[in-house]
Amino acid sequence: MCIYAYNSCLDYVPYTHRKRFIATSPEWEARTGHDQYQTYLKLYKNDVLPKDHRASVTVARVGSRIAAAAKDFTRMHNAINSINSSPFTYTVVRSDDANAFVLPGNHVFVMTGLFKYVHNEDELASILGHETAHNLARHAGERVSQNLIVKMLSYLALMIDPSGMLFSFFVPAEALFFSLPHSREHEIEADEIGFILSSEACYDPHAAKKVFARMKHDADDGNRSVATPPEFVSTHPGYDTRLTNFDQWMPAAMERFNRDDGQKCFAIRQEMKRARSLAAKMHDNERR
138 MCIYAYNSCL
148 DYVPYTHRKR
158 FIATSPEWEA
168 RTGHDQYQTY
178 LKLYKNDVLP
188 KDHRASVTVA
198 RVGSRIAAAA
208 KDFTRMHNAI
218 NSINSSPFTY
228 TVVRSDDANA
238 FVLPGNHVFV
248 MTGLFKYVHN
258 EDELASILGH
268 ETAHNLARHA
278 GERVSQNLIV
288 KMLSYLALMI
298 DPSGMLFSFF
308 VPAEALFFSL
318 PHSREHEIEA
328 DEIGFILSSE
338 ACYDPHAAKK
348 VFARMKHDAD
358 DGNRSVATPP
368 EFVSTHPGYD
378 TRLTNFDQWM
388 PAAMERFNRD
398 DGQKCFAIRQ
408 EMKRARSLAA
418 KMHDNERR
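Heads up: the sequence shown at position 17 corresponds to 154 in our numbering, and the numbers run straight through without jumps.
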C-alpha cells in the first residue's frame with residue numbers, strides 16, 4: 138500500500154525531467170500561497186512601495202513579460218498543470234536585504250536591497266525568471282512532500298529507539314544528505330529554467346552572470362548580506378557553481394535570444410525601450 142501511494146505521487150519536473158515525489162496539488166499550493174501572501178503583506182505593510190512607484194512599475198512590467206514566457210513554457214513542455222491560473226503579483230519592499238522570493242499562487246516579492254546588484258531590466262529579468270521558475274517546477278509543493286517523508290522517518294527512528302539516540306543522529310544526517318542537497322538542486326533547477334524564461338522573453342542572457350558576479354565580489358570582500366556558507370552546508374549553490382552553470386547554459390540561451398536571425402528580439406527590445414521611455418516621462422510628469 139505504501140509503495141503504491143508513493144509511486145502514485147511520482148512525476149517529472151518540466152524541462153529538466155527530474156523524477157520526484159510530490160503529494161500536493163497545484164490548487165492546494167495556490168491556496169496556501171494566497172494565505173502566505175496576506176501574511177507577508179501585513180508583515181511588510183509599512184515598507185511596501187506603492188504600485189505607481191517607479192521601482193514597482195518596472196518590476197511589474199518586466200514580470201509581465203516573464204509571466205508570458207512562463208505560459209509559453211508550460212505549453213511547449215506539456216506542463217499546463219505545473220503553474221496555476223492565478224495572475225502574478227509583484228510586491229516591492231523597502232529593505233536592505235538583497236533578496237527576492239516567490240510564493241505558490243504566483244506572488245513575487247522583491248527587496249529594494251537587490252537593486253544594489255540589479256542595475257537594469259535585463260538583470261531584473263534574470264531574478265524574476267528564477268523566482269517564476271520555482272513555481273513552474275512546483276518546488277514549494279515538493280518541499281512540503283519531502284517534509285512528510287522526513288517526519289515519517291523521524292517517527293520511525295523514535296519507535297525503533299525510544300531513547301532518542303538514533304533520532305539525534307538522524308536529524309543532522311537528514312539535513313546534510315537530503316534536505317540541503319535537494320534545496321540546492323531546486324535552486325540550480327530554477328536558475329536553468331529561469332534562464333530559459335528570460336532569454337525567451339528577449340532579455341539578455343549574459344545579465345544573470347553580471348548579477349551573481351557582483352554578489353560574489355561583495356561576498357569575497359566580506360559583505361555579510363550576500364555571503365554564503367560552504368556549499369555542502371548551504372541551501373543554495375555557491376557563486377562559482379552558479380557562474381559555471383550559466384556558462385554551460387549560455388549557448389542554448391543565446392540561440393533562443395537570437396532566434397529568427399535576431400529580428401524578433403530586436404523588435405521586442407525596441408518596444409521595451411519605448412515602454413521604458415514612456416514610463417520615465419510619466420514618472421517625471423507626476424513629480425512636477
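For every residue, glycine included, the Cβ atom is placed at its ideal position computed from N, Cα and C. Bear in mind the structure is a predicted one, so any value in this text is a computation, not a measurement.
In the DSSP assignment, what residue or residues form a beta bridge with residue i?
i    : result
Y227 : V245
V185 : V230
A192 : BP columns for A192 are empty, so no partner.
A237 : V247
Given a cut-off of 7 Å on the beta-carbon distance, is the pair residue i and residue j in contact?
i    : j    : result
E279 : I159 : yes
T153 : E326 : yes
A344 : S263 : yes
G242 : A338 : no
L251 : A270 : no
S336 : A390 : yes
V230 : D189 : no
L273 : I203 : no
Y174 : G200 : no
P366 : E324 : no
D328 : H267 : yes
G170 : H244 : yes
In whole angstroms, what is the alpha-carbon distance linking residue i and residue j?
i    : j    : result
L105 : S282 : Nothing can be reported for residue 105, as the shown portion of the chain is limited to 138 through 425.
E260 : F246 : 16 Å
P151 : M213 : 10 Å
R393 : F332 : 10 Å
K253 : R198 : 19 Å
S371 : N360 : 17 Å
P309 : I286 : 15 Å
E408 : D398 : 18 Å
T195 : D341 : 16 Å
R411 : S162 : 40 Å
I297 : H319 : 26 Å
L383 : Y376 : A quick correction: the sequence has Phe, not Leu, at residue 383. Using only the alpha carbons, I get a separation of about 11 Å.
L265 : F369 : 26 Å
R406 : M387 : 19 Å
Q385 : L186 : 37 Å
T378 : S145 : 34 Å
S414 : A404 : 16 Å
CB-CB under 7 Å to residue i, same chain, minus the five flanking residues each way: which ones, in chain order?
i    : result
S291 : F304 and F307
S232 : D184, M248, T249 and G250
A207 : I220, T269, L273 and L334
E311 : V287
F225 : G200, A204, N243 and V245
A294 : L303, F304 and F307
Y181 : V230
Quick one: what's got a C-beta closer than 8 Å to residue i's C-beta in the same chain, skipping five residues either side?
i    : result
L380 : K346, F349, A350 and K353
C402 : C339, F394, N395 and R396
Y149 : R155, K156 and R157
Spatial neighbours of residue i within its chain, please: C-beta separation below 6 Å, excluding the five flanking residues on both sides.
i    : result
V363 : A235, M352, D355 and A356
E258 : V199
Practice problem: Mind listing, in chain order, the continuous alpha helix (DSSP H) runs of no fewer than 4 residues lying wholly within the stretch 139-172? | Solution: 139-145
Quiz prompt | 4-residue-minimum alpha helix (DSSP H) runs that sit fully inside the stretch 330-407, ordered along the chain | solution = 343-357 and 376-394
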